[in-house]
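Residue numbers for the sequence shown follow the working numbering, so the first one is 899 and each next one is one higher. One structure below.
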Amino acid sequence: MAVIRDVMPAFELVQPTSAAEAQKILEQNGSDALILAGGMDSFDWLKDRIKRPKVVVDLSGVDELKGVRTVADGIEIGAMTTLTEIVNNETIKQKYGLLAQAAELVASPQIRNQGTIGGNVSQDARCWYYRSGWPCYRAGGNICYADDPDGRNREHAILHADRCVAVNPSDSASLDCSRCEGCHAHTKRRACR
Ligand SMILES: Cc1cc2nc3c(=O)[nH]c(=O)nc-3n(C[C@H](O)[C@H](O)[C@H](O)COP(=O)(O)OP(=O)(O)OC[C@H]3O[C@@H](n4cnc5c(N)ncnc54)[C@H](O)[C@@H]3O)c2cc1C
Ligand code: SF4
899 MAVIRDVMPA FELVQPTSAA EAQKILEQNG SDALILAGGM DSFDWLKDRI KRPKVVVDLS
959 GVDELKGVRT VADGIEIGAM TTLTEIVNNE TIKQKYGLLA QAAELVASPQ IRNQGTIGGN
1019 VSQDARCWYY RSGWPCYRAG GNICYADDPD GRNREHAILH ADRCVAVNPS DSASLDCSRC
1079 EGCHAHTKRR ACR
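Structure below.
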């Protein structure tokens, strides 16, 4: 359970300047490392002391992960591109309008200015139990506290769920996956598996 809030546990902060360097650090540290993008989700986990990584890998200095590029078969969006850039990008607006619209649904202008597309699709489940440190399925335990008539499960996916009934909270990820027919993962309507 989270008892101390707003005081982050100590960690080593590393600030790579290339994707190759970042990848190497992540491989070296495995599950001891946490990627930091815009911090809109990660800072909450750190402040609540639920996630206690030994190493935080800040990608804000990796310029090659920023921006939208046109390539032969479409576009490439760097993971560190902000949601605001996606909302305002002319190519995305013209050719991939649904993505621009989905990104614009995210939270508020301040969060979209800071939050990145990589962080948005990778953000963790917004389940009250999980975020408070309860040892549920998603946290490696063997129970789901929300999958119960008395559980706090508003906006979860009771139908078609397997173990964890929390849905993926990302507006932009649900857009990506709604294109894959038969894919039951990562949609806002279904639980992630
Ligand atoms: C008040 C509030 C309201 C919100 N409302 C919405 C909403 O309506 N819709 C919505 O979709 N989202 C919403 N969010 C979530 C918010 O959009 C995300 O938290 C944000 O987009 C995360 O982006 P970030 O760059 O800050 O990532 P971070 O918080 O830095 O990272 C998020 C997670 O992704 C991982 N990660 C980041 N980048 C990468 C990468 N390149 N590769 C692998 N893993 C990575 C991090 O390790 C972390 O686990 C809300 C958040 C807040 C605080
Ligand atoms: S829905 Fe259940 S398993 Fe999923 S995060 Fe919440 S309590 Fe954990």
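A virtual CB, placed ideally from N, CA and C, is assigned to each residue, including glycine. Quantities reported herein were computed from a predicted structural model and do not represent experimental measurements.
For residue j and residue i, believed in contact at Cβ under 8 Å, the rounded distance
i       : j       : result
VAL1065 : HIS1054 : 6 Å
ASP939  : GLN1021 : 4 Å
SER1070 : ILE990  : Not a contact, Cβ separation roughly 11 Å.
ALA1023 : PRO1067 : 7 Å
ASN986  : VAL966  : Actually they are not in contact, since the Cβ atoms of ASN986 and VAL966 sit about 10 Å apart, beyond 8 Å.
ILE923  : VAL905  : Not a contact, Cβ separation roughly 25 Å.
ALA935  : GLY1017 : 4 Å
Residue i burial status per 10 Å Cβ neighbour count (16 or more: buried)
i       : result
GLU910  : exposed
ARG1091 : In this prediction, ARG1091 scores a pLDDT of 40, lower than 50, which makes its location untrustworthy; the coordinate-derived value is nonetheless stated afterwards. Exposed is the call here.
THR979  : buried
THR1085 : Note that THR1085 has pLDDT 42, beneath the 50 cutoff, so the model's placement of it is unreliable and no number is given.
ARG1010 : buried
SER1072 : buried
GLU962  : exposed
SER1030 : exposed
THR968  : exposed
THR982  : buried
LEU1003 : exposed
LEU997  : buried
GLY1051 : The sequence given here has Asn at residue 1051, not Gly. By the neighbour-count rule (16 or more Cβ atoms within 10 Å), ASN1051 is buried.
ASN1040 : exposed
ALA931  : buried
GLY928  : exposed
ALA1005 : exposed
VAL1063 : buried
GLY995  : exposed
Residue i at chain C interface by Cβ criterion, 8 Å
i      : result
ALA998 : The structure shown contains no chain C; it is built from a single protein chain.
With three or more beta-carbon pairs closer than 8 Å as the criterion, would you say the stretch 956-973 touches the stretch 1029-1046? no
I'd like to know if the stretch 966-986 and the stretch 941-954 are in contact, where contact means that at least 3 CB-CB pairs between them fall below 8 Å. no
Taking only runs of the alpha helix (DSSP H) that begin and end inside the stretch 900-986, which ones reach a length of at least 4 residues, in chain order? 917-927, 940-945, 981-986
Residue ranges of each alpha helix (DSSP H) run of no fewer than 4 residues wholly in the stretch 993-1058, ordered along the chain? 995-1002, 1007-1012, 1015-1020, 1026-1029
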